[in-house]
Amino acid sequence: MSADQEKLITELVEKGLAGDMDPINAIEDRVLRSKAKSALAKAKRAAKVAAATAPEADKAADEIPEETPPSDHPNQKFGKMIEDKFPGVLEADLNDTHIQLKPDNWFEIAKWLKSEPSLYFDSLQCHTG
């Protein structure tokens, strides 16, 4: 396809997107007319997808709170208590799925957790591997 035909198709697609189909329908060459209609259909699909994803992205950006509240999960509570009692022993940031400790003080922390009356632990497990 020549550069002139590509330029013509681009102009016709812009007019078609604006709602003016007469210039495309007036093309005598069937191959060129079908290419223009195909390019118009592709441009409409792309515009539809872009319009559908743009509001979702805006909505998702609006829904994110500026500051997420701390979790009420027990692991968060226990992790904070461990960090207060034994500063610097947490290996990773606190999350709701696990508490990761540095291995040096594990046994002392486990004894404290089991003996702390406010926690009511009767058994502790170490999952390593």
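Under this note's numbering, the first residue of the sequence shown carries the number 16, and numbering increases by one thereafter. From the three backbone atoms N, C-alpha and C, an ideal C-beta is built for every residue, glycine too. Since the model is a prediction, treat every value here as computed from it, not as a measurement.
First and last residue of the uninterrupted alpha helix (DSSP H) at residue i
i, result
"Lys129", "121 to 130"
"Ala18", "18 to 32"
"Met96", "89 to 100"
"Asn40", "37 to 40"
For residue i, the three-state DSSP class (helix, strand or coil)
i, result
"Leu134", "coil"
"Leu47", "helix"
"Leu55", "helix"
Member of the options whose CA lies at the smallest distance from the CA of residue i
i, options, result
"Lys57", "Asp44, Ile24, Val46", "Ile24"
"Glu21", "Lys52, Lys129, Leu105", "Lys52"
"Ala61", "Val28, Pro89, Ser17, Arg48", "Val28"
"Gly34", "Ile42, Lys59, Ser17", "Lys59"
"Trp121", "Lys63, Asn110, Lys30, Ile97", "Ile97"
"Ser133", "Ala67, Lys92, Ile42, Met16", "Lys92"
"Asn145", "Asn90, Ile42, Met36", "Outside the displayed span of the chain (16 to 144) sits residue 145, for which this structure offers no information."
"Lys126", "Leu32, Ser49, Lys100, Ala18", "Lys100"
Sequence-distant residues of its chain with Cβ nearer than 7 Å to residue i (five each side left out)
i, result
"Ser38", "Note that residue 38 is Pro in the sequence shown here, rather than Ser. Cβ neighbours of Pro38 beyond the five flanking positions: Leu27, Lys30."
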